Structure formats: C-alpha cells, structure tokens
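**Student:** One structure follows; several queries about it will come next.
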Amino acid sequence: MKTDDLIRVLARDTLAEPPLVRGLMAGLVPALAIALAGLLGVMGPRADLVQALANPLSVMRFVLGLALGALALIAALRLARPGQGRGVVLPVLVVPAVAGALWIWAWVATPDEGRQMAMVGKTLSACLTTIPALSVLPVVAGLLALRRGAPTRPALAGAMVGLGSGGLAAAIYALHCTEDSPLFYVTWYGLAIVGVTLASTLIGARALRW
Amino acid sequence: MAQESDDWGLLLAAANAGDAQAYARFLHAISPVVRGIARSRGGAMGEAVCEDIVQEVLLAIHLKRHTWIEGSPVRPWVYAIARYKVVDAFRARGRRVTVPIDDFAEVLPAEAGPDPTQAWDREKMIGMLDDRSAEIVRRIGVQGDSIAETGAALVMSEGAVRVALHRALKRLAALRERFVE
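So the sequence lines, in the order shown, correspond to chains A and B. When we follow this note's numbering, the leftmost residue of the first sequence carries the number 22, and every step to the right adds one. When we follow this note's numbering, the leftmost residue of the second sequence carries the number 16, and every step to the right adds one.
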C-alpha cells in the first residue's frame with residue numbers, strides 16, 4: 022500500500038476517541054467508589070472520626086493523600102500527551118517534600134522515649150496490606166485510561182498512575198486508621214504507596230507501550 | 016517554519032471537528048517531515064523500510080490524535096510521536112537508533128521517491144486482517160472508494176463500515192508488534 026493510499030484511508034476514518042480526561046474519570050470514579058465502599062463496609066470508619074478531623078496532624082493524612090492523587094494523576098495525563106516537555110512530574114515532588122518535612126518535625130517534637138512507639142504504632146500490617154489492596158482498582162483504571170493515550174515514557178507514566186492511586190487509597194484508608202503521628206503515617210503509608218508505585222511502574226513499562 | 020506550524024494546527028483542529036479534507040491535507044503536509052526523520056535515522060535500511068516506518072508513524076498519529084489539545088503547538092506533538100515510533104520501529108527491526116530531541120528543525124523534508132514508494136510490511140499486515148476488514152481498507156485506500164460505495168459493495172450500512180474501518184486501523188497498529196518481532 023502506498024502512503025498516499027494510507028492517507029486516504031486514515032482521512033475516511035472519522036470515528037474519534039473520547040478525550041483522555043473523560044476516559045480516566047469514567048474508570049477512576051467507580052474504582053474509587055468501590056474502594057471507599059469496601060473500606061467503610063468491611064473495616065468501617067474510625068469511631069472518633071469527627072473528633073480526629075479537628076486534629077491538624079490527622080487531617081494532613083487526607084491532605085497529603087489527596088494532593089498526591091491529584092498531582093500525580095494530572096502528571097500521568099500530561100505524560101500521555103506527546104510533546105509536553107520534561108518537567109511534568111516536578112509538581113508531584115511537592116508532596117513527598119512536605120511529608121518529609123512533617124516527618125522531621127514530628128521526630129524532633131516527639132520525646133525520645135515515645136518515638137519508637139509512635140513510629141511502629143499498632144496497625145502496621147493492616148496499613149501495609151489495606152492501602153495496596155485499595156489501590157488495585159484505581160491502578161487498573163488509570164493504566165487502562167492511559168493505554169488510550171500515547172505515553173512516550175511508559176514506565177514513568179505507570180509510576181504516576183501508581184503514585185496517584187496509592188495517594189488516593191491512603192486518603193481512603195485514613196478514614197479507618199487511628200494512627201495520627203506523622204512518624205507512623207509518613208513512614209508506612211509512604212512505604213505502601215512506594216510499593217504500589219513500583220508495581221505500577223513495572224506493569225506500565227510493558228502495558229503502556231503503543 | 017512557525018507559519019507552517021500554525022497551518023498544521025488549523026488543519027488538525029478542522030480535522031478533529033470532522034473536516035476530512037483538512038485532515039488529508041494535514042497528513043500530506045506532515046508526511047515529508049516524518050519521512051525526513053525516518054530517513055535521517057534509518058536511511059541505510061532502505062527506502063521501503065523507511066516508508067513502512069513513515070506509515071507506522073502516520074497510523075499512530077491518526078489513532079492518537081485525541082491526545083493533541085487544540086491550540087497547543089502541533090509540531091512538538093508530531094515530533095514526539097515520530098521520535099517514539101521511529102525508535103520503536105528500528106528497535107523492532109533489530110537495530111538500535113537514537114533520535115535526539117532537538118534537531119528535527121534541521122531535518123530536510125523528504126518527498127517519496129520517483130516510483131511512489133510501496134510499503135511492503137503494511138501490505139502483508141493488511142493481508143493478516145480478516146477478509147472483510149482487508150477488503151474495506153483496500154477499497155478505500157487503493158480504489159479510492161467512499162464509505163458509502165464500500166458499504167454498497169459489501170452490503171453493510173455506512174455506520175458498520177465506519178466502525179469496521181476504525182477497528183481495522185487499530186488492529187493494523189497492534190499487528191505491527193507481532194509481525195516484526
């Protein structure tokens with residue numbers, strides 16, 4: 022087939038794909054709704070949720086998780102559009118920077134003898150299993166949406182999907198979790214999110230090629 | 016160059032709004048540039064292979080045209096897709112090439128050779144489609160039939176032809192990986 026013939030074929034194909042954002046939302050919203058319903062149904066919200074919302078350190082879990090979710094997924098969408106330049110992931114770094122600063126502040130502010138207890142907490146294994154479990158559907162939804170895009174750096178795009186999904190999953194898990202010390206949640210929520218990100222990076226490197 | 020780029024943007028915007036003629040002009044306008052990129056990177060592999068790669072890039076641009084945001088620069092978008100697909104195509108053919116990012120401004124657009132170049136891989140891949148899809152692609156491409164003529168010849172509604180054509184193009188893009196590797 023000659024190239025002019027191919028162009029004639031392409032010009033006759035007028036079916037357009039829906040915009041990327043709409044595709045992402047169509048998958049992500051149900052995925053998050055299921056994750057939220059699952060957490061509230063199976064584990065339930067913490068008993069003192071209303072009082073906890075008056076504690077800025079506790080609220081920071083939601084702020085950091087939601088900010089990470091929004092910034093990383095925006096970066097993922099931009100990575101799915103060719104020619105968007107190199108700096109698209111830089112805004113995402115704000116979240117780990119703030120989380121790191123918070124962790125250091127908490128380390129200094131917590132008395133010596135309390136540090137280890139604050140960091141290990143009581144619900145470590147629940148945290149490290151639930152956040153990845155809540156991330157599964159959002160990661161799948163995000164990767165499927167990005168497959169319709171054109172990520173020229175598939176692994177990085179996969180990483181942003183994992184980071185964003187992990188952040189949102191952490192914010193959902195925070196409804197249940199009673200650990201309010203940054204020494205706990207920056208460390209272990211962070212580790213759980215890193216795990217999700219690694220898995221999504223590896224999947225993305227293959228699944229997002231086009 | 017900037018003027019030309021603006022033209023590309025206008026053409027592509029009109030195309031996305033449903034103007035098939037503007038879209039054909041857009042694809043004709045970018046193909047010499049894409050061909051220049053392919054030849055500057057892999058000219059040693061011969062014109063036919065380069066032309067296959069040009070077609071891969073055009074097909075990718077077609078199937079991913081919803082990732083261009085109206086009003087944003089077209090040229091970086093086209094270059095990024097071409098770079099990705101050219102590297103990928105040569106890698107799949109067992110040759111590693113690197114395509115630097117910034118030097119496409121220096122690439123001379125290349126017209127197709129004196130004999131209108133055939134892309135043989137594409138022909139084989141069309142043969143790997145199911146008969147009806149291959150027939151639709153050939154009728155429209157080689158014979159120049161319209162959607163309506165194709166539908167009449169194959170006893171299909173126009174809507175069914177459109178859907179079948181779109182799916183056939185997606186499969187052609189997907190087949191490339193399996194075929195070359």
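Glycine included, every Cβ here is placed at the ideal spot set by N, Cα and C. Keep in mind the model is a prediction, meaning the values are calculated, not measured.
Excluding sequence positions up to five away, which residues of its chain have a Cβ less than 7 Å from the Cβ of Trp209 (chain A)?
**Tutor:** One-based indexing of the first sequence puts residue 209 (chain A) at position 188. Closer than 7 Å at Cβ, skipping near neighbours: Leu145, Cys148 and Leu149.
**Student:** At the level of alpha carbons, what is the spacing between Ala17 (chain B) and Val89 (chain B)?
**Tutor:** Indexing the second sequence from 1 puts residue 17 (chain B) at position 2. Indexing the second sequence from 1 puts residue 89 (chain B) at position 74. Note that Ala17 (chain B) scores a pLDDT of 49, beneath 50, so its modelled location is shaky; the value from the coordinates is reported in the next line. Roughly 11 Å between the two C-alpha positions.
**Student:** What does the Cβ neighbour count give for Ala130 (chain A), buried or exposed, with the cut at 16 atoms within 10 Å?
**Tutor:** In the first sequence, the residue the question calls residue 130 (chain A) occupies position 109. Exposed.
**Student:** Which runs of the alpha helix (DSSP H), 4 residues or longer, sit entirely within the segment 30-91 of chain A?
**Tutor:** As far as the segment 30-91 of chain A is concerned, its whole alpha helix (DSSP H) runs of at least 4 residues are 41-59 and 70-73.
**Student:** Can you tell me the Cα-Cα spacing of Leu150 (chain B) and Ala91 (chain A), whole angstroms?
**Tutor:** Locating residue 150 (chain B) in the second sequence gives position 135, counting from the first residue. Locating residue 91 (chain A) in the first sequence gives position 70, counting from the first residue. It should be pointed out that residue 150 (chain B) corresponds to Glu in this sequence rather than to Leu. Taking the straight line from one Cα to the other gives about 46 Å.
**Student:** Taking buried to mean at least 16 other C-beta atoms within 10 Å of its own C-beta, is Pro131 (chain B) buried or exposed?
**Tutor:** Residue 131 (chain B) sits at position 116 when you count from the first residue of the second sequence. Bear in mind that a pLDDT of 48 at Pro131 (chain B), under 50, signals an unreliable position, so the number given afterwards is only what the model happens to contain. So Pro131 (chain B) counts as exposed.
**Student:** What distance in whole Å lies between the Cβ atoms of Arg230 (chain A) and Pro175 (chain A), which are believed to be in contact at a cut-off of 8 Å?
**Tutor:** What you label residue 175 (chain A) is simply residue 154 of the first sequence in a count that begins at 1. What you label residue 230 (chain A) is simply residue 209 of the first sequence in a count that begins at 1. At roughly 5 Å, the Cβ-Cβ gap stays under 8 Å, so Pro175 (chain A) and Arg230 (chain A) are in contact.
**Student:** Roughly how many whole angstroms lie between the Cα atoms of Ala50 (chain A) and Leu74 (chain B)?
**Tutor:** Position 29 of the first sequence holds residue 50 (chain A). Position 59 of the second sequence holds residue 74 (chain B). The sequence shown places Val at residue 50 (chain A), not Ala. Approximately 31 Å between the Cα atoms of the pair.
**Student:** Do Ala39 (chain B) and Thr173 (chain A) have their C-beta atoms closer together than 8 Å?
**Tutor:** Your numbering for residue 39 (chain B) matches position 24 in the second sequence. Your numbering for residue 173 (chain A) matches position 152 in the first sequence. Cβ atoms of Ala39 (chain B) and Thr173 (chain A): not closer than 8 Å.
**Student:** Can you find a CB in chain B that lies within less than 8 Å of the CB of Ala96 (chain A)?
**Tutor:** Here residue 96 (chain A) refers to the residue found at position 75 when the first sequence is read from its first residue. No, no contact with chain B.
**Student:** DSSP on Lys23 (chain A), reduced to helix/strand/coil?
**Tutor:** Here residue 23 (chain A) corresponds to residue number 2 of the first sequence, with the count starting at 1. In this structure, Lys23 (chain A) counts as strand in the three-state DSSP scheme.
**Student:** Can the beta-carbon of Val113 (chain A) be found less than 8 Å from the beta-carbon of Ala96 (chain A)?
**Tutor:** In the first sequence, residue 113 (chain A) corresponds to position 92, counting from 1. In the first sequence, residue 96 (chain A) corresponds to position 75, counting from 1. It is a contact, given that the beta carbons lie within the stated cut-off.
**Student:** Step through the CB atoms of chain A and report whether any lies within less than 8 Å of the CB of Glu138 (chain B).
**Tutor:** Residue 138 (chain B) sits at position 123 when you count from the first residue of the second sequence. Chain A, which has a Cβ nearer than 8 Å to the Cβ of Glu138 (chain B), makes this yes.
**Student:** Between the alpha carbons of Leu70 (chain A) and Thr199 (chain A), how many angstroms are there, rounded?
**Tutor:** Residue numbering aside, residue 70 (chain A) sits at position 49 when the first sequence is read from its first letter. Residue numbering aside, residue 199 (chain A) sits at position 178 when the first sequence is read from its first letter. Answer to the nearest angstrom: the Cα atoms are 9 Å apart.
**Student:** Go through its chain and collect everything with a Cβ distance to Pro129 (chain B)'s Cβ below 6 Å, but skip five positions before and after it.
**Tutor:** Indexing the second sequence from 1 puts residue 129 (chain B) at position 114. Residue confidence for Pro129 (chain B) is low, a pLDDT of 46 falling below 50, so the modelled location carries little weight; the figure read from the coordinates is stated next. So no residue of the chain qualifies.
**Student:** Tell me the rounded alpha-carbon separation between Leu196 (chain A) and Gly86 (chain B).
**Tutor:** Along the first sequence, one-based indexing puts residue 196 (chain A) at 175. Along the second sequence, one-based indexing puts residue 86 (chain B) at 71. Near 42 Å, if we compare the C-alpha coordinates of Gly86 (chain B) and Leu196 (chain A).
**Student:** When burial is assigned at 16 or more other CB atoms within 10 Å of the CB, is Lys273 (chain A) buried or exposed?
**Tutor:** Any property of residue 273 (chain A) remains undetermined from this structure, which presents chain A solely from 22 to 231.
**Student:** Output, in chain order, the set of chain B residues within a Cβ distance shorter than 8 Å of Ile28 (chain A).
**Tutor:** Here residue 28 (chain A) is taken as the residue at index 7 of the first sequence, counted from 1. By Cβ distance, chain B contributes Ala39, Leu42, His43, Ser46 and Leu73.
**Student:** Short of 6 Å in beta carbon distance, which residues of its chain neighbour Ala180 (chain A), apart from the five on each side in sequence? Order them along the chain.
**Tutor:** Reading the first sequence from its first residue, position 159 is the one you call residue 180 (chain A). Closer than 6 Å at Cβ, skipping near neighbours: Thr218 and Thr222.
**Student:** Quick check: the Cα distance between Leu169 (chain B) and Leu78 (chain B), rounded to an integer number of angstroms?
**Tutor:** Residue 169 (chain B) sits at position 154 when you count from the first residue of the second sequence. Residue 78 (chain B) sits at position 63 when you count from the first residue of the second sequence. About 25 Å.
**Student:** Taking Cβ positions only, does Ala226 (chain A) come closer than 8 Å to chain B?
**Tutor:** As a first step, residue 226 (chain A) must be located in the first sequence, where it is residue number 205. For Ala226 (chain A), the answer is no, since every Cβ of chain B falls outside 8 Å of its Cβ.
**Student:** For Leu158 (chain A), would you say it is in contact with chain B, using Cβ-to-Cβ distances shorter than 8 Å as the test?
**Tutor:** Here residue 158 (chain A) is taken as the residue at index 137 of the first sequence, counted from 1. By this cut-off, Leu158 (chain A) is not an interface position.
**Student:** Taking only beta-carbon positions, decide if Val101 (chain B) is within less than 8 Å of chain A.
**Tutor:** Here the question's residue 101 (chain B) lines up with position 86 in the second sequence. Closer than 8 Å: no.
**Student:** Please decide whether Leu184 (chain B) counts as near chain A, where near means a Cβ-Cβ distance under 8 Å.
**Tutor:** Numbered from 1 along the second sequence, position 169 holds the residue referred to as residue 184 (chain B). Yes, because at least one Cβ of chain A sits closer than 8 Å to the Cβ of Leu184 (chain B).
**Student:** Using only alpha-carbon positions, find the residue among A:Arg168, A:Ser186 and A:Leu164 that is nearest to Thr82 (chain B).
**Tutor:** For the purposes of this step, residue 82 (chain B) is taken as residue 67 along the second sequence, with counting starting at 1. With distances taken between Cα atoms, Thr82 (chain B) lies closest to A:Arg168.
**Student:** Among the residues of its own chain, which have a CB less than 6 Å from the CB of Gly170 (chain A), if the five just before and after it don't count?
**Tutor:** On the first sequence, residue 170 (chain A) is found 149 positions in, with the first residue counted as 1. For Gly170 (chain A), where only same-chain residues beyond five positions count, the Cβ hits under 6 Å are Leu41 and Ala101.
**Student:** Which value, in whole angstroms, describes the spacing of the CA atoms of Val30 (chain A) and Arg177 (chain B)?
**Tutor:** As a first step, residue 30 (chain A) must be located in the first sequence, where it is residue number 9. As a first step, residue 177 (chain B) must be located in the second sequence, where it is residue number 162. Between Val30 (chain A) and Arg177 (chain B), the C-alpha separation is close to 11 Å.
**Student:** Check whether the Cβ of Ala122 (chain A) sits closer than 7 Å to any heavy atom of the ligand COA, and report yes or no.
**Tutor:** The ligand COA is not part of the structure shown, which contains no ligands of any sort.
**Student:** Can you tell me the Cα-Cα spacing of Leu212 (chain A) and Glu138 (chain B), whole angstroms?
**Tutor:** As a first step, residue 212 (chain A) is located in the first sequence; it is residue number 191 there, counting from the start. As a first step, residue 138 (chain B) is located in the second sequence; it is residue number 123 there, counting from the start. The straight-line gap from Cα to Cα measures roughly 50 Å.
**Student:** Looking at the structure shown, is Arg107 (chain A) part of a helix, part of a strand, or coil, going by DSSP?
**Tutor:** Position 86 of the first sequence, counted from the first residue, corresponds to residue 107 (chain A). Of the three classes helix, strand and coil, the one that applies to Arg107 (chain A) here is coil, per DSSP.
**Student:** How about Gly13 (chain A) and Leu89 (chain A): do their beta carbons lie closer than 8 Å?
**Tutor:** What the structure shows of chain A is the stretch from 22 to 231, and residue 13 (chain A) is not part of that stretch, so it cannot be assessed.
**Student:** Could you pull the start and end residues of the alpha helix (DSSP H) that His43 (chain B) belongs to?
**Tutor:** Numbered from 1 along the second sequence, position 28 holds the residue referred to as residue 43 (chain B). Segment Ala35 to Gly57, the alpha helix (DSSP H) holding His43 (chain B).
**Student:** What residues from chain B crowd round Ala101 (chain A), counting only those whose CB sits closer than 8 Å?
**Tutor:** Counting from one through the first sequence, the residue named residue 101 (chain A) turns up at place 80. Correct list: Thr82.
**Student:** Could you tell me the distance, in whole angstroms, from the CA atom of Val93 (chain B) to the CA atom of Pro39 (chain A)?
**Tutor:** Residue numbering aside, residue 93 (chain B) sits at position 78 when the second sequence is read from its first letter. Residue numbering aside, residue 39 (chain A) sits at position 18 when the first sequence is read from its first letter. Roughly 20 Å between the two C-alpha positions.
**Student:** Which bits of chain A does Ala63 (chain B) rub up against, with CB to CB less than 7 Å?
**Tutor:** Stepping through the second sequence from its first residue, residue 63 (chain B) is reached at position 48. None at all; the shortest Cβ gap to chain A is about 11 Å.
**Student:** Put Lys79 (chain B) into one of helix, strand or coil per three-state DSSP.
**Tutor:** For the purposes of this step, residue 79 (chain B) is identified with residue 64 of the second sequence, where counting begins at 1. It is coil, neither helix nor strand.
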